[in-house]
Amino acid sequence: MVGVVAFDELGVIGVAEGVASGELTPTVVVEEVCSRIGTWEDRIHAWSYLDLDGARMEAERLADEAASSRLRGPLHGVPIGIKDEFFVSGMPTGMRGSDVTELESSDSTAVARLRSAGAVIVGKTHMPVNNVLPPTRNPWNQEHTAGGSSSGSGAAVGARVVPAALGEQTGGSNLRPAAYCGIVGMKPSYGQIGRYGCFPFAWSLDHPGVIALTVADVALMLSVLAGPDPRDSTSRGAQATPATVAAMDAPPRVGFVRSHFYDRTEPELVSALEQAVDRLGDAGATTKDVMLPEYFALTWTSHRLIGAAERTLIQPTATVSGQRSSISPVTGRANIPASVGALMPVPYYLQARRVRRWLQQELTSCWDEYDVLAMPVAPGPAPRGMTTGDASLLSPWSLLGFPSISLPIGFATNGLPLAIQLVAPLGMDYQLLQAASWAEAVFGRLPEPPLPAD
Amino acid sequence: LEAISKEDALALLRSEAVQRYGADASWLEDSLVQLAQDMETISAVAIPDWMLGELG
Chain A
1 MVGVVAFDEL GVIGVAEGVA SGELTPTVVV EEVCSRIGTW EDRIHAWSYL DLDGARMEAE
61 RLADEAASSR LRGPLHGVPI GIKDEFFVSG MPTGMRGSDV TELESSDSTA VARLRSAGAV
121 IVGKTHMPVN NVLPPTRNPW NQEHTAGGSS SGSGAAVGAR VVPAALGEQT GGSNLRPAAY
181 CGIVGMKPSY GQIGRYGCFP FAWSLDHPGV IALTVADVAL MLSVLAGPDP RDSTSRGAQA
241 TPATVAAMDA PPRVGFVRSH FYDRTEPELV SALEQAVDRL GDAGATTKDV MLPEYFALTW
301 TSHRLIGAAE RTLIQPTATV SGQRSSISPV TGRANIPASV GALMPVPYYL QARRVRRWLQ
361 QELTSCWDEY DVLAMPVAPG PAPRGMTTGD ASLLSPWSLL GFPSISLPIG FATNGLPLAI
421 QLVAPLGMDY QLLQAASWAE AVFGRLPEPP LPAD
Chain B
1001 LEAISKEDAL ALLRSEAVQR YGADASWLED SLVQLAQDME TISAVAIPDW MLGELG
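Read top to bottom, the protein sequences are chains A and B. Residues 1 to 454 in this note's numbering are what the first sequence lists, from first letter to last. Residues 1001 to 1056 in this note's numbering are what the second sequence lists, from first letter to last.
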């Protein structure tokens, strides 16, 4: 029966504290997950692979350990969903291809860290595979997308089937599903979470991330996941982050970005964002409109070029050759599949990387007077139909590696969640979490979506 | 990197596409145009002197 364990109230922290105190057992928690899957899965299709028997067995082991006061870590007994692209020992990786059914023999770094902290890995969550969209639907309205590409992770947490999930963002894949499903999604700074065992899309753009119910839950998850990974050299400079978010010494200074992000942003969302920023100001934050420099538009150019080139080297030649040109019905812009990226002379890729480095340096000064910059996550609420929505408002930060987080701010008139994106400079993950926690207290959380009718 | 026009970039890409995928590469045309535009844009960016040794 759904509701024995209230994930919406407890979140990651509440479940972990309940298990640690003995008020909850991991077995009861996992049974709640199974019950919720039974209620929701036929409607939202969040999972590409489930190992409920394995989760039950792991929960029993964790329950025995908890009963004898042996806790593995801060996530002891917390059920977590894993985006398909992360290798999980004993589970298949759909990204390897639909005809590949072999089970992985080892965990990705991120999954290994979650297990070491006591998490129960429930299964793999859906994502687009080889440009084929998953069947995942939005818990708030199943005629609409849950976003993507961390589609299943967003839907599973949005429906409170699990209190948190692992996602990944190369363009806009972690924050967008969180925003569309009314929850919190964070993409930490590039390299904060090791990418070993994470199926690559574009190695200098790929960011493992977290989807959860609250900023505090995200912080706890990040404290487990972040840090140098000996098997991923790009994580060498990663810094461990505290498990809890301390209050800020003073209300945050918020720059409301008024340029570049509004070509397609719907008026209803612009109005909601203005109201949200006004609420922050009313609560004591310093808020001011910000115009980004004109050359900020180069972030999109550089992201496309770097992504196209790096995909070319990662994807098999046979796959690349079959990729056709297409126009996005959402953005109206042509994609650059690896088949076309393969035609680009190398100097243009190198130039795009140099431009990125220059932009990282120059744009950091935009935060001189602010703790965070604020802007939309997506042009509107989750679109209807088979799409994952528009990633373009998120990809600049995936290019630059700057940490970004999405927070729900209310509902559109069609009943779907709306969200705001907060961004900090490279390496300022903890400061971003602090400002987001402050803002979350002002906005409040969205309620749990209603259980589907039978 | 010398600046390249969109037209020259598109001609270069079409030639490469024919070599790699055969005479009819029209199924890639929209993406070739987008990539050519991006090549023109990125090649026109003047990198500051201090960046000359940087790859990013």
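Note that beta-carbon positions come from the ideal geometry of N, C-alpha and C, so glycine has one too. Quick caveat: nothing in here was measured; it's all calculated off a predicted structure.
query	result
Straight-line CA distance for LEU50/A to GLY3/A?	21 Å
Just to confirm the assignment, what range does the alpha helix (DSSP H) spanning PHE443/A have?	429-443
What do you get for ILE82/A, buried or exposed, if any count of 16 or more other CB atoms within 10 angstroms of its CB means buried?	buried
Along chain B, in chain order, which residues have C-beta atoms closer than 7 Å to that of ALA334/A?	ASP1030, SER1031, VAL1033, GLN1034
State the Cα-Cα distance for the pair TRP40/A and ILE409/A, rounded to the nearest angstrom.	24 Å
For chain A, check one thing: does any of its Cβ atoms lie closer than 8 Å to the Cβ of ALA1023/B?	no
For GLU1007/B, would you say it is in contact with chain A, using Cβ-to-Cβ distances shorter than 8 Å as the test?	no
At a CB-CB cut-off below 7 Å, which residues of chain A make contact with LEU1001/B?	PRO347, GLN351
Go through its chain and collect everything with a Cβ distance to GLN434/A's Cβ below 6 Å, but skip five positions before and after it.	VAL245, MET248
DSSP on ILE193/A, reduced to helix/strand/coil?	strand
Name the two residues that bound the continuous beta strand (DSSP E) containing THR287/A.	286-290
Is the separation between the beta-carbon of PHE256/A and that of THR287/A shorter than 8 Å?	yes
Checking 8 Å against the spacing of the C-beta atoms, do ASP368/A and PRO379/A come in under that value?	no
With a cut-off of 8 Å, do at least 3 Cβ pairs link the segment 154-169 of chain A to the segment 194-207 of chain A?	yes
Pairing CB atoms from the segment 26-39 of chain A with CB atoms from the segment 86-98 of chain A, are three or more of them under 8 Å?	no
Do the CB positions of LEU343/A and GLU1016/B come within less than 8 Å of each other?	yes
Note down the Cα distance separating PRO302/A from GLN1034/B, rounded to an integer number of angstroms.	The sequence given here places Ser at residue 302/A; Pro does not occur at that position. Near 13 Å, if we compare the C-alpha coordinates of GLN1034/B and SER302/A.
Taking its Cβ as the centre, do 16 or more other Cβ atoms sit within 10 Å of ASP217/A, making it buried, or is it exposed?	buried
Would you check if the segment 418-425 of chain A and the segment 1002-1012 of chain B touch, i.e. whether three or more CB-CB distances between them fall below 8 Å?	no
By the criterion of Cβ-Cβ separation under 7 Å, what are the contact partners of ARG304/A in chain B?	ASP1038
Can you name, in chain order, every residue of its own chain whose Cβ lies under 7 Å from the Cβ of TYR430/A, other than the five neighbours on each side?	THR241, PRO242
What residues from chain B crowd round VAL340/A, counting only those whose CB sits closer than 9 Å?	LEU1013, ALA1017, LEU1028, SER1031, LEU1032, GLN1034, LEU1035
Taking CB distances under 8 Å as the criterion, tell me whether THR214/A reaches chain B.	no
Assuming the contact rule is C-beta atoms closer than 8 Å, ALA212/A and ILE193/A should be a hit. Round their C-beta distance to whole Å, please.	With 8 Å as the limit, ALA212/A and ILE193/A do not qualify as a contact, their Cβ atoms being about 14 Å apart.
Between the beta-carbon of VAL1045/B and the beta-carbon of LEU298/A, is there less than 8 Å?	yes
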